[in-house]
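In our numbering, the protein residues as written are 9 to 111.
Ideal placement from N, C-alpha and C gives every residue a C-beta, glycine not left out.
As the structure is a prediction and not an experimental result, all values here were calculated from the model.
Take a look at the structure set out below.
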Amino acid sequence: MQQIFTNFTNMALKVHGIRMMGSAALNMCAVASGHADAYYEYSLHCWDMAAGKIIVEEAGGVVIDPEGGPLDLMSRRLICAASEELAKTLSKELKHIQFPRDQ
Numbered sequence: 009m010q011q012i013f014t015n016f017t018n019m020a021l022k023v024h025g026i027r028m029m030g031s032a033a034l035n036m037c038a039v040a041s042g043h044a045d046a047y048y049e050y051s052l053h054c055w056d057m058a059a060g061k062i063i064v065e066e067a068g069g070v071v072i073d074p075e076g077g078p079l080d081l082m083s084r085r086l087i088c089a090a091s092e093e094l095a096k097t098l099s100k101e102l103k104h105i106q107f108p109r110d111q
């Protein structure tokens with residue numbers, strides 16, 4: 009829990025604003041539509057990310073693992089962003105959290 013608050017605090021000091029809509033799909037669609045620049049989350053499940061990943065990528069955005077590599081849908085974590093540069097920048101800023109993999 010401390011890592012989640014650390015990430016939130018670090019981001020809050022460096023960004024214009026933080027918005028959480030309560031749904032990974034809605035947050036990812038906000039990035040795809042240009043209403044948000046980026047979204048990161050830990051503790052998601054594969055069904056929370058799968059459709060959003062396609063939508064973001066079809067809109068020209070990027071979806072990666074928070075450590076900077078390709079997204080692993082079973083890892084329960086992601087960064088999606090309007091650009092690869094922004095996704096990589098977020099990756100460097102986040103304190104990474106490991107959750108048990110989806111089965």
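Using a Cβ-Cβ cutoff of less than 7 Å, which residues in the same chain neighbour residue i once the five nearest sequence positions on both sides are dropped?
i: residue 92; result: 70
i: residue 58; result: 81
What residues in its chain sit with their C-beta under 6 Å from that of residue i, if we drop five residues either side in the sequence?
i: residue 109; result: 82
i: residue 35; result: 29 and 47
i: residue 67; result: 40
Just the Cα atoms here: how many angstroms apart are residue i and residue j?
i: residue 56; j: residue 97; result: 23 Å
i: residue 45; j: residue 65; result: 14 Å
i: residue 102; j: residue 78; result: 16 Å
If you run the structure through DSSP and keep just helix, strand and coil, what is residue i?
i: residue 87; result: strand
i: residue 92; result: helix
i: residue 33; result: helix
i: residue 62; result: helix
i: residue 38; result: helix
i: residue 49; result: strand
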